[in-house]
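Those sequence lines, one after another, are chains C and R.
All residue numbers for the first sequence refer to the numbering used here, where the first residue is 121 and numbers rise by one.
All residue numbers for the second sequence refer to the numbering used here, where the first residue is 3 and numbers rise by one.
For each residue, glycine too, the CB sits at the ideal point set by N, CA and C.
It should be emphasised that the depicted structure is a prediction, and the values quoted were computed from it without experimental measurement.
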Amino acid sequence: MPKDQGIGASSKRREDVRFLTGNGNYTDDINLPGQTYAYILRSNVAHGTITRLDTAAASAAPGVVRVFTSADLEGLGGVPCGWQVHAKDGEPMKEPKHPILAEGKVRHVGDPVAVVVAETLDQARDAAELIDLDIDELAPQIDMRAALNSGVALHEEAPDNLCFEWHFVAENKDAVDEAIANAHHVTTLELVNNRLVANPMEPRCAIGDYNRSTDDHTLYTTSQNPHVIRLLMGAFVLAIPEHKLRVVAPDVGGGFGTKIYHYAEEAFVTWAAKQLARPVKWTSDRSEAFISDAQGRDHVTKTELAMDENGKFLALRCETYANLGAYLSTFAPCVPTWLHGTLLAGNYQTPLIFTNVRAVFTNTVPVDAYRGAGRPEATYQLERTIDKAAREMGIDPVELRRRNYIQPDQYPYATPVAVEYDSGNYIQTMDKAVEIADRAGFEARKAESASRGKLRGMGIASYIEACGIAPSSLVGALGARAGLYEAATVRVNPTGSISVMTGSHSHGQGHETTFAQVVADRLGCDESNIDIVHGDTSKIPFGMGTYGSRSLAVGGSAIVRSVDKIIDKAKKIAAHLMEAADADVTFENGMFSVAGTDKTIDWGTVALTAYVPHNFPHGEMEPGLEETSFYDPANFTYPAGAYICEVEVDPETGVVDILNFTAADDFGNVVNPMIVEGQVHGGLAQGIGQAMMEGCVYNDDGQLVSASYMDYTMPRADDLPNFAVDHSSVTPCTHNPLGVKGCGEAGAIGSPPALVNAVIDALSGHGVTHIDMPLTPRRVWEAINA
Amino acid sequence: MTTISMTVNGKSVSGDVEGRTLLVQFLRENLQLTGTHVGCDTSQCGACVVHLNGESVKSCTAFAAACDGAEVTTIEGMANPDGSLGVIQQAFQDHHGLQCGFCTPGMVMSAADLLQQNGSPSEAEIREWLEGNICRCTGYHNIVKSIQAAAATLNGQSQAAE
Chain C
121 MPKDQGIGAS
131 SKRREDVRFL
141 TGNGNYTDDI
151 NLPGQTYAYI
161 LRSNVAHGTI
171 TRLDTAAASA
181 APGVVRVFTS
191 ADLEGLGGVP
201 CGWQVHAKDG
211 EPMKEPKHPI
221 LAEGKVRHVG
231 DPVAVVVAET
241 LDQARDAAEL
251 IDLDIDELAP
261 QIDMRAALNS
271 GVALHEEAPD
281 NLCFEWHFVA
291 ENKDAVDEAI
301 ANAHHVTTLE
311 LVNNRLVANP
321 MEPRCAIGDY
331 NRSTDDHTLY
341 TTSQNPHVIR
351 LLMGAFVLAI
361 PEHKLRVVAP
371 DVGGGFGTKI
381 YHYAEEAFVT
391 WAAKQLARPV
401 KWTSDRSEAF
411 ISDAQGRDHV
421 TKTELAMDEN
431 GKFLALRCET
441 YANLGAYLST
451 FAPCVPTWLH
461 GTLLAGNYQT
471 PLIFTNVRAV
481 FTNTVPVDAY
491 RGAGRPEATY
501 QLERTIDKAA
511 REMGIDPVEL
521 RRRNYIQPDQ
531 YPYATPVAVE
541 YDSGNYIQTM
551 DKAVEIADRA
561 GFEARKAESA
571 SRGKLRGMGI
581 ASYIEACGIA
591 PSSLVGALGA
601 RAGLYEAATV
611 RVNPTGSISV
621 MTGSHSHGQG
631 HETTFAQVVA
641 DRLGCDESNI
651 DIVHGDTSKI
661 PFGMGTYGSR
671 SLAVGGSAIV
681 RSVDKIIDKA
691 KKIAAHLMEA
701 ADADVTFENG
711 MFSVAGTDKT
721 IDWGTVALTA
731 YVPHNFPHGE
741 MEPGLEETSF
751 YDPANFTYPA
761 GAYICEVEVD
771 PETGVVDILN
781 FTAADDFGNV
791 VNPMIVEGQV
801 HGGLAQGIGQ
811 AMMEGCVYND
821 DGQLVSASYM
831 DYTMPRADDL
841 PNFAVDHSSV
851 TPCTHNPLGV
861 KGCGEAGAIG
871 SPPALVNAVI
881 DALSGHGVTH
891 IDMPLTPRRV
901 WEAINA
Chain R
3 MTTISMTVNG
13 KSVSGDVEGR
23 TLLVQFLREN
33 LQLTGTHVGC
43 DTSQCGACVV
53 HLNGESVKSC
63 TAFAAACDGA
73 EVTTIEGMAN
83 PDGSLGVIQQ
93 AFQDHHGLQC
103 GFCTPGMVMS
113 AADLLQQNGS
123 PSEAEIREWL
133 EGNICRCTGY
143 HNIVKSIQAA
153 AATLNGQSQA
163 AE
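Structure below.
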């Protein structure tokens, strides 16, 4: 292996060449012979009963192949939910059907009602305008707390619109109440975690294809996890067995969570392709994405933190309302519960924690995981509350955190919220952040800002997240309806090149590069000899896909397991060829040697022998050199870090200028520093976007008024600073073979509280203690002038 | 239907289009040049930026029929004649200026126009220029670095040529 390759090298990304030359292969770039185009007529009202749906004129329009409504879909299942949460009384959550097309009732703006399939997209769109649709409007349920008491139900199964009420940790409740009642000081904070739209730049797309000769179905789709789509759609919606259903997710233009889920459009095009005996293509436009892609966050929370006179945390009590939208998306129920409640210990030794979560149906687009998923919500409520506590207690915010951090010698550390952290060093990352951000020089900079009439603030936040989801036996007990291992096949080809088939899916993360580095490091070969194959259920044994920063920790571990099996077998073949005992053969830098001799044999010879087994230990093993592993992790991984943001606020206008942003992370071992830093940059941008400008706005009628890129504000290049990113604090994960923890979501988790804490610090002289995100100039100005 | 002709990446092409056909549709659907992407429908995201008669435009905002006779360059026309990455493309790879790759063609085309107009842009000028190109993956940090590096390389080349 060349010295500049392998684990720790910033290898340039091999996938970049095709993206930079226009040769990427995104789903919408695929066109099949005889393809038809689907256009979906969606509800333009939030809640109502369909009283008339006449498709006759549309069916007769030029180019129309067929128009479908729910009446045509009889026998198909609804879109399934992949996670069942049990309520505080032990009852399962309310799980109403999520139909492919509306069945008599519409429940959010964007709910699909009918599909026109035509020879061209323009003809399909034109014909959809001829559909005669009447809807008797019902009172839209938009505000969560109001929906619980309105008496107007979205679903018969949930008359009060409550999907479940969840207590965690239920047995702690009385002790938490008592600790809060008796504490020296209790800091209370009510806050909103604003609803976001993930907005990957590539809109969703799905193409269904059916082969009449073989009875094989193929779905091309913009997915983060093609095998999961095959599992859910095949088993629950269309009743197509796995061996007759192929799902391909080629190049995917960003996901951020919203492309995890199984969507109705995928099932429709797969099913319709067989009905029409022609391929059916559907491509979302951006306006459609805003009202059909699962959205993120949307919590309203109250936290109470009890402390003793030294600021030692005694108990935390939280109450959250979590918006699920109109239907249960694939992983929606686990986001405000198991991905949220289990992180409420944060980086701290809080001994008693209790949270009450009410998950509510509303007439809005379904809500599910978005970059971080539950963990940003937990971190935000905790770190904002701690910041307020520091101010109320008169303790420096870094010092208050340090007094409560889990100490480096306390691992493994069992929190009171059901998880066990394997490793970490929160003091170290905080020290790094404090140093890089030049906290010591802050007061001088603040004075300089003040001399110009500006208010400077510094915001501190720690975060921890649980990544690498997860031990299957654990998540099964918590309600997951699937296992969460990862699979990998490593195939050494006869000429010695290596094909790696991974169930992880890259939609920007650079797996083709990073995974090749891992394999090259293990085998001592050149990275260019290794091909990483992903995104096609017909090529890969199985897979659970990419989300929750799990690809390297879980998918990478499966690859390592397979490589190690390959090395074991290859050593035996080499021992046979060199007429040595297996135990005497060593493997280093791509060469096999016999200890204590000058006998060597190279990788290529062993690979060739495996496939041309003329001189081969046939009694001991079969020919070939290919191994498959399913890696089921022993625990989550726990990346953590400290973020510091420095801002300047113009009190005249309320405009916040982000002067610098420091992220000091502990991701365990790092394979490709360049890619890891890029992941942090992107996460920071999305977290800063949430804190500063992003937010869904539904009006009282349930119209999403922020439903275009002109209305939903995402960070542009001139909204963001350069970032100071450090990952030199390394406490390796103790339970996976690479010692890695995951880095994809950290930036989006740690940055919102750091930024809001900075603005509140800047405004502390004005008596401002909280502003809800996004911190638009108007909100900041109003807080200053309240 | 109207028959139109134009020069795309140095080649003469023609095709039949409706009045409502956008330039980006003509490129993607008629010419199968799928490197130019559609990321929004409000002319905000910039994934569809191409050069029209030498200047960057959003090809979702131009009618194909209005581009009759024009000279168009897309991302497919940006590599060196031998197929290797051009200076700007190479800088994006060297500085990790892309992740999912979807906004990338528009970013490269937009950056190329900037560097035609301003050979040594400041960081602030680059960030301001990119206002019409949204990236959701990189936080722009490495895109800015890529463009700065490309500018330095191009300046070095032009000095060497003098």
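Here the C-alpha atom of Val137(C) lies approximately 8 Å from the C-alpha atom of Gln91(R). Note on geometry: alpha-carbon atoms of Glu429(C) and Thr421(C) lie some 26 Å from one another. Between Pro107(R) and chain C, the shortest Cβ-Cβ separation is below 8 Å.
Here DSSP, grouped into helix, strand and coil, assigns Leu152(C) to coil. Between Asp256(C) and Thr341(C), the CB-CB gap reaches or exceeds 8 Å. Listed in chain order, the non-local C-beta contacts of Pro232(C) below 7 Å within the same chain comprise Ile160, Arg162, Leu221, Ala222, Ala384, local neighbours out to five positions each way being set aside. Residues of chain C whose Cβ lies closer than 8 Å to the Cβ of Gln159(R) do not exist, since the nearest Cβ in that chain is about 19 Å away. The C-beta separation of Met121(C) from Ala640(C) comes to about 5 Å, placing the pair in contact by the 8 Å criterion. Interface annotation, His98(R): in contact with chain C, CB-CB separation under 8 Å. In the DSSP assignment, no residue is bridged to Leu116(R). Under the 8 Å Cβ criterion, the segment 566-585 of chain C does not count as touching the segment 705-725 of chain C, having fewer than three qualifying pairs.
Taking CB atoms only, Thr4(R) has no neighbour in chain C less than 8 Å away. The residue from Ser648(C), His654(C), Pro614(C), Ser619(C) with its alpha-carbon nearest to that of His631(C) is His654(C). Less than 8 Å divides the Cβ of Phe787(C) from the Cβ of Cys863(C).
Close CB contacts of Ala178(C) within its chain, under the 7 Å cut and outside five residues either way in sequence, are with Val184, Val187, Val236, Ala247, Ala248, Leu250, Ile251 (chain order). Approximately 7 Å separates the beta-carbon atoms of Ala608(C) and Gly675(C); this is inside 8 Å, confirming the contact.
Here the alpha carbon of Thr440(C) sits roughly 19 Å from the alpha carbon of Ala811(C). Boundaries of the beta strand (DSSP E) around Trp286(C): 282-288. Thr140(R) is not a Cβ neighbour of Ala93(R), given a cutoff of 8 Å. Taking 8 Å as the threshold, the shortest C-beta distance from Asp70(R) to chain C does not fall below it.
Excluding the 5 residues flanking it on each side, Ile556(C) has same chain C-beta neighbours closer than 7 Å at Thr782, Ala784, Ala844, Asp846, in chain order. In chain order, Phe139, Gly144, Tyr146, Pro320, Met321, Glu322, Asp371, Val372, Gly373, Gly374, Gly628 make up the part of chain C whose C-beta sits under 9 Å from the C-beta of Phe104(R). For Leu804(C), no beta strand (DSSP E) segment is defined; the enclosing uninterrupted segment is the alpha helix (DSSP H) at 793-812. Within the segment 814-834 of chain C, those residues whose Cβ lies closer than 7 Å to any Cβ of chain R are, in chain order, Ser828, Tyr829, Met830, Met834. Excluding residues up to 5 positions away in sequence, Val767, Pro841 lie with their Cβ nearer than 6 Å to the Cβ of Ile778(C) in the same chain. Proximity to Arg559(C) across Tyr763(C), Arg227(C), Val205(C) peaks at Tyr763(C), based on C-alpha coordinates. Across the structure, Phe28(R) and Asp329(C) are spaced so that their CA atoms are roughly 25 Å apart.
Taking a beta-carbon distance threshold of 8 Å, Leu116(R) does not count as an interface residue toward chain C. Closest in alpha carbon position to Val367(C), among Asn345(C), Tyr731(C), Ala435(C), Met794(C), is Asn345(C). In the three-state reduction of the DSSP assignment, Asp831(C) falls in the coil class. CA-to-CA, the gap between Ala273(C) and Asn281(C) works out to about 6 Å.
Interface with chain R (8 Å Cβ-Cβ cutoff): Leu804(C) is included.
Using a Cβ distance threshold of 8 Å, Ala67(R) and Val19(R) count as a contacting pair.
Taking a beta-carbon distance threshold of 8 Å, Arg245(C) does not count as an interface residue toward chain R. Buried is the label assigned to Gly37(R), since at least 16 other Cβ atoms lie within 10 Å of its Cβ. DSSP, reduced to helix, strand and coil, places Phe139(C) within a helical segment of the structure shown.
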